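Participant: The structure follows.
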Amino acid sequence: MGGHNVLLVLANPEPASFCHALAEAAAGALRTDGHDVTISDLFAQGFNPVAGRHDFLTVADPERFHYQSEQAKAARENAFSSEITAEQAKVAAADILVFVFPLWWGSPPAILKGWLERVLAYGFAYVDGCRFDTGLLRGRRAMIGVTTGGTVERFSPQGVYGPIEGVLYPVRRLALEYMGYDVEEPFVAYAAPRVSDEERRQMLDEFAGRAVELAHRDIDRYEPPCHPLDLVPRNAWKRS
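Numbering (this note's numbering), first residue to last: 664 to 903.
In structure tokens, the structure reads:
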């Protein structure tokens, strides 16, 4: 089996954080196993999470800013901003996508949500009529690694937060699986700031092992037969 290309998207502002430790553990294990790993450290890059006309070198409608319309035109004409183009190139090359982030107010940090909105653009990562099992990125794999302040009990069915699967549903189901990724069960470092050093070491080893195990699985990437926008039925979507 040849090595895979892995993109690891990291969303934590503190280099000494446990999220960074998880990312470094997974990247090191994957590289040792013969895989190519690219890390997008969003805070270190100064990634801008705010969408706007600055995302594009073209203008579809100067009177009314409709994000999907502008994304579609930019996808057709290779006219995304350099920041978005660089991240899209990483996504396009990656067989495996790994997110690592802390849980803040029940969701990923805003910088990762902005990355999803700006980088996984209409006409690049998804179009109408191509969702889930027919998504443009089907055949590729993804995994989520998340740290929490809350304990396992708090994320139990009887806990105050409810099961972690529901908390992560917008990222897993409505983003990654929507675009066709085959998504592994999430790795959750529960109560990472509160457990012992030995427990944290075990978490690091487990996450690294999960990443390598994922990379050992067969990957049969789907390549669209034409430009993704050519797959969209006429009048398939309306402006909102």
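Note that the Cβ used here is the ideal one computed from N, Cα and C, for glycine as well. As the structure is a computational prediction, the values presented were derived from the model and not from experiment.
Starting from the Cα of residue 718, find the closest Cα among 708, 731, 706 and give me that residue.
Facilitator: When each option's Cα is compared against that of residue 718, the closest is 731.
Participant: Take the Cβ of residue 844 as the centre, count every other Cβ of all protein chains shown within 10 Å, and call the residue buried at 16 or more, exposed below.
Facilitator: With 16 or more other Cβ atoms within 10 Å, it is buried.
Participant: Please report how far the alpha carbon of residue 698 lies from the alpha carbon of residue 884, in whole angstroms.
Facilitator: About 16 Å.
Participant: Is residue 750 buried or exposed, if buried means 16 or more other CB atoms sit within 10 Å of its CB?
Facilitator: Classification of residue 750: buried, given that the 10 Å Cβ count is 16 or more.
Participant: For residue 819, name the three-state secondary structure that DSSP assigns.
Facilitator: In the structure shown, residue 819 sits in coil (DSSP, three-state: anything other than H, G, I, E or B).
Participant: Counting Cβ pairs closer than 8 Å, one from the stretch 874-882 and one from the stretch 802-814, do we hit at least three?
Facilitator: Yes, since at least three Cβ pairs between the stretch 874-882 and the stretch 802-814 fall closer than 8 Å, the two stretches touch.
Participant: Using CA atoms only, rank isn't needed, just tell me which of 864, 820, 777, 896 is closest to residue 685.
Facilitator: If we check each option's Cα against that of residue 685, 864 comes out closest.
Participant: Going along the chain, which residues of its own chain have a beta-carbon closer than 7 Å to the beta-carbon of residue 713, five neighbours each way excluded?
Facilitator: Closer than 7 Å at the Cβ level, and outside the excluded window around residue 713, lie 777.
Participant: Pick out whichever of 842, 852, 695 has its Cα sitting closest to the Cα of residue 869.
Facilitator: Checking every option, the nearest Cα to that of residue 869 belongs to 852.
Participant: Identify, in the order they occur along the chain, each residue of the same chain with its Cβ nearer than 6 Å to the Cβ of residue 765, setting aside the five sequence neighbours on each side.
Facilitator: If we look at residue 765 and ignore the five residues flanking it on each side, its Cβ neighbours are 675, 682, 810.
Participant: Could you name the residues that DSSP lists as bridge partners for residue 704?
Facilitator: Bridge partners of residue 704: 673.
Participant: Around the C-beta of residue 785, are 16 or more other C-beta atoms found within 10 angstroms, so that it is buried, or is it exposed?
Facilitator: By the 10 Å Cβ count, residue 785 comes out buried.
Participant: Would you mind working out which of 802, 723, 775 sits nearest residue 762, comparing C-alpha positions?
Facilitator: Comparing Cα-Cα distances from residue 762 to each of 802, 723, 775, the minimum goes to 775.
Participant: Distance check for residue 753 and residue 747, CA to CA, integer angstroms please.
Facilitator: Near 10 Å, if we compare the C-alpha coordinates of residue 753 and residue 747.
Participant: Using CA atoms only, rank isn't needed, just tell me which of 813, 790, 881 is closest to residue 734.
Facilitator: Checked all of 813, 790, 881; the closest Cα to residue 734 is 790.
Participant: Using a 10 Å radius around the Cβ and a threshold of 16 neighbouring Cβ atoms, would you call residue 823 buried or exposed?
Facilitator: Its Cβ having fewer than 16 others within 10 Å, residue 823 is exposed.
Participant: So within the stretch 839-891, which uninterrupted beta strand (DSSP E) runs reach at least 3 residues, ignoring any that extend past its ends?
Facilitator: Counting whole runs of 3 or more residues, the stretch 839-891 contains the beta strand (DSSP E) stretches 850-852.
Participant: Grab me the residues of residue 724's own chain with a C-beta within less than 8 Å of its C-beta, minus the 5 sequence neighbours each way, in chain order.
Facilitator: Excluding residues within five positions, the ones whose Cβ falls inside 8 Å are 732, 733.
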